[in-house]
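Peer 1:
Numbering (the UniProt record's numbering), first residue to last: 1 to 219.
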């Protein structure tokens with residue numbers, strides 16, 4: 001989708017935050033045990049889910065792009081698609097930065113998507129730490145932050161097509177300990193190409209969340 005430079009951030013934040021709150025309430029509504037169980041099986045506890053305002057968008061929805069503060073280069077009113085799935089907002093100091101949606105049906109080929117208008121495709125959780133772990137799977141990253149937020153900064157980088165910005169690369173360069181965590185061999189290879197300046201001993205493969213946590217604790 002092609003956009004011109006016009007973007008009303010205030011309008012986007014208002015619409016986006018309303019969507020986040022509505023999805024969060026929907027997750028905790030009646031007869032929604034399945035998406036709750038989906039999150040529990042990924043290691044997230046009730047309090048963390050509530051604090052992070054994680055939600056559930058049961059049905060895919062289309063909205064007017066213009067009503068969300070985004071003007072397209074096209075003459076017709078382009079539509080914004082809000083996919084069905086688990087809604088994960090990225091909020092920094094009470095300000096909504098980005099919204100990620102992960103399909104509730106894991107069999108789908110498409111994985112985590114980001115809503116247009118989001119500021120960053122990367123979540124940085126617990127920034128001021130001497131130990132930094134980078135991970136692609138969004139739920140594994142949330143789990144690590146839930147468990148290790150006092151000792152480790154977690155960078156969740158769901159889409160390897162997006163290059164880390166200068167600020168994030170500087171964080172890696174200045175950290176005392178860096179861990180690049182990968183759950184699949186293909187992902188492991190992609191990670192090495194994404195971080196050419198990171199030494200080989202900083203790359204770790206894991207097969208479970210507990211193993212990823214153990215890597216972070218040991219190093």
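Beta carbons: idealized from backbone N, C-alpha and C, even for Gly.
Identify every residue that forms a DSSP beta bridge with residue 57.
Peer 2: Counted from its first residue, the chain shown places residue 57 at position 57. DSSP lists 85 as partners of residue 57.
Peer 1: Could you tell me if residue 193 is buried or exposed, where buried requires 16 or more neighbouring beta carbons within 10 angstroms of its beta carbon?
Peer 2: The sequence position of residue 193 within the chain shown is 193, counting from 1. Exposed is the call here.
Peer 1: Rounded C-beta distance between residue 23 and residue 87? I'm assuming under 8 angstroms.
Peer 2: In the chain shown, the residue the question calls residue 23 occupies position 23. In the chain shown, the residue the question calls residue 87 occupies position 87. About 4 angstroms separates the two Cβ atoms, so the contact holds.
Peer 1: In this structure, how does DSSP classify residue 42 when only helix, strand and coil are distinguished?
Peer 2: In the chain shown, the residue the question calls residue 42 occupies position 42. Residue 42: coil per DSSP, three-state reduction.
Peer 1: Excluding the 5 residues preceding and the 5 following residue 89 in the sequence, name in chain order all residues of the same chain whose CB lies nearer than 7 angstroms to its CB.
Peer 2: Your numbering for residue 89 matches position 89 in the chain shown. Contacts found: 20, 53, 96 and 99.
Peer 1: When the Cα atoms are used, what is the spatial distance from residue 202 to residue 101?
Peer 2: Start at 1 with the first residue of the chain shown, and residue 202 comes out as number 202. Start at 1 with the first residue of the chain shown, and residue 101 comes out as number 101. Distance between the alpha carbons of residue 202 and residue 101: 29 angstroms.
Peer 1: In chain order, which beta strand (DSSP E) runs of at least 3 residues are fully inside the region 132-201?
Peer 2: Runs of the beta strand (DSSP E) inside the region 132-201: 153-156 and 177-182.
Peer 1: Whole angstroms are fine: how far does the CA of residue 126 sit from the CA of residue 93?
Peer 2: Position 93 of the chain shown, counted from the first residue, corresponds to residue 93. Position 126 of the chain shown, counted from the first residue, corresponds to residue 126. Rounded to the nearest angstrom, the two C-alpha atoms are 11 angstroms apart.
Peer 1: What does a CB cutoff of less than 7 angstroms around residue 13 pick up in its chain, not counting 5 residues either side in sequence?
Peer 2: Within the chain shown, the letter at position 13 stands for residue 13. The answer, listed in chain order, is 96.
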